[in-house]
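S.K.:
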Amino acid sequence: MDKKTKGRQGDDSSSKGALYIIGIGPGGLEHLTFKAKQVLENCDAVVGYKTYIDLIKGVIQGKEIFSTGMTKEVNRCQKAIDLALQGKKVAVVSSGDAGIYGMAGLVLELLPESGARSQKSEEKNKSEIEKRKSKIFVSVIPGVPAFCAAASLLGAPLMHDFASISLSDLLTPWETIRKRLDMASAADFVIILYNPKSKTRVSQLEEAIGIISTHRNENTPVGTVKNATREGEEIKITTLKGLPVHYDFIDMSTILIIGNSTTFVSHNKMITPRGYDV
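Each number in this note's numbering comes from the position in the sequence shown (counting from 1) with 17 added on.
(1) Consult DSSP for V161 and reduce its assignment to one of helix, strand or coil.
(2) Under 9 Å, do L57 and V63 count as touching if we go by C-beta distance?
(3) Please state the DSSP three-state secondary structure of Y118.
(4) Could you please give me the residues that DSSP links to A201 through a beta bridge?
(5) Quick one, are the C-beta atoms of F266 and E250 less than 9 Å apart?
(6) Near K137, what residues of its chain come up, given a Cβ to Cβ distance below 8 Å and the 5 sequence neighbours on each side ignored?
(7) For E81, which three-state DSSP category applies?
(8) Just checking, does the stretch 197-208 make contact with the stretch 110-123 on the three C-beta pairs under 8 Å criterion?
(9) Ignore the nearest five residues each way along the sequence and tell me which others in K258's own chain have a CB closer than 6 Å to its CB.
(10) If you draw a straight line from the C-alpha of L128 to the C-alpha of F179, how long is it?
(11) List in chain order: all unbroken beta strand (DSSP E) runs of 3+ residues lying wholly within the stretch 196-251.
(12) Which runs of the alpha helix (DSSP H) spanning at least 4 residues fall entirely within the stretch 81-105, listed in chain order?
(13) List, from N- to C-terminal side, the beta strand (DSSP E) runs of 3 residues or more that fit wholly inside the stretch 25-72.
(14) So is P14 buried or exposed if we call it buried at 16+ other beta carbons inside 10 Å?
(15) Is it buried or exposed, F154, if we count other Cβ atoms within 10 angstroms and call 16 or more buried?
(16) Do P43 and V161 have their C-beta atoms closer together than 9 Å?
(17) Note down, in chain order, each residue of its chain lying with its Cβ closer than 7 Å to the Cβ of Q95, except the 5 sequence neighbours on either side.
(18) Taking all protein chains shown into account, decide if P290 is buried (16 or more other Cβ within 10 angstroms of its Cβ) or exposed.
(19) Mark Y66 as exposed unless 16 or more other C-beta atoms lie within 10 angstroms of its C-beta, in which case mark it buried.
(20) Spatial neighbours of F164 within its chain, please: C-beta separation below 7 Å, excluding the five flanking residues on both sides.
(21) Could you round the C-beta distance between V157 and L123 to whole angstroms and report it? I think they count as a contact, below 8 Å.
(22) Starting from the C-beta of K152, find all residues in its chain whose C-beta is less than 8 Å away, skip the five residues before and the five after it, and write them out in chain order.
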């Protein structure tokens, strides 16, 4: 891309295929970083989940687009790699930051130079793998994480240590998630919950709140943010005790932030003290 980036990375992406793994931020184009916008404008192709492609359509007009629905992540990432191997500059987009529940890990796992990938591909000899990997320039472009957008809308709930936990058990066993919820609650972390509820997964949220409630006062503040920075943005602040009446409001586009033992609400904003004498 720009000369400064090429020199820093030690590669000239203009002479071969390039793969940019981009976090597009929480949704609103005003939260797309300058660097991410610059890279998107200079790419030949953009690959991503259809909803995320729609969020950035204003800056990718005229680009080759490959989009799919949910559960097709491997297909999308492999397509991006294939396009890059053809010599194209390709952007793989994720909401928020690509390295936080995004596509960065999967793309890097699938790349030809990945040790795990080469072990599985025994039919490929080492010289072929080396030849393929030399064809792709790779860069991960950070974005504004969705939980940061949610926290800013709620006030200052993350001023002290926190833990982020996804309630989706599609790729992680529920027993593992339960253990993380229990340990994080016992350690008095502020807890961020991603993917709290879907159309087919409704009981996990209630169980998660039950686990957290064994370690927290029922009046602990809880912030819920739906569609942070996007159309249809909604913000609610309640308590652990009052949260169940809002379960119907919560979906996959909602992030919950559950305070620790010191979190309080003032002027309709959640605040977790850092510890200053005030």
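Backbone N, C-alpha and C fix where the C-beta goes; we use that ideal spot for every residue, glycine too. Here the structure is a predicted model, which means the values were calculated and not measured.
M.R.: On the basis of the coordinates in this document:
(1) Three-state result, V161: coil.
(2) L57 places its beta carbon less than 9 Å from that of V63.
(3) Looking at Y118 - three-state DSSP - the assignment turns out to be coil, as it is neither helix nor strand.
(4) DSSP lists no partner for A201.
(5) No, the pair does not count as a contact, with Cβ atoms beyond the cut-off.
(6) Caution applies to K137, whose pLDDT of 43 falls short of 50 and renders its modelled position unreliable; the model cannot decide the point.
(7) Three-state DSSP puts E81 in a strand.
(8) Too few Cβ pairs lie closer than 8 Å, so no.
(9) Excluding residues within five positions, the ones whose Cβ falls inside 6 Å are E235.
(10) Spanning the alpha carbons of L128 and F179 requires a straight line of approximately 32 Å.
(11) Correct list: 207-211 and 238-243.
(12) 90-102, all fully within the stretch 81-105.
(13) Taking only runs of at least 3 residues, the beta strand (DSSP E) segments lying wholly in the stretch 25-72 are 34-40 and 62-66.
(14) Since the first and last residues shown for the chain are 18 and 295, residue 14 lies out of range.
(15) Classification for F154: buried.
(16) Contact flag set, yes.
(17) These residues qualify, in order along the chain: L127.
(18) Flag for P290 reads exposed.
(19) Per the 10 Å Cβ criterion, buried.
(20) If we look at F164 and ignore the five residues flanking it on each side, its Cβ neighbours are S181, I209 and I272.
(21) With a Cβ gap of about 12 Å, V157 and L123 do not count as contacting.
(22) Around K152: K33, G34, A101, L102 and G104.
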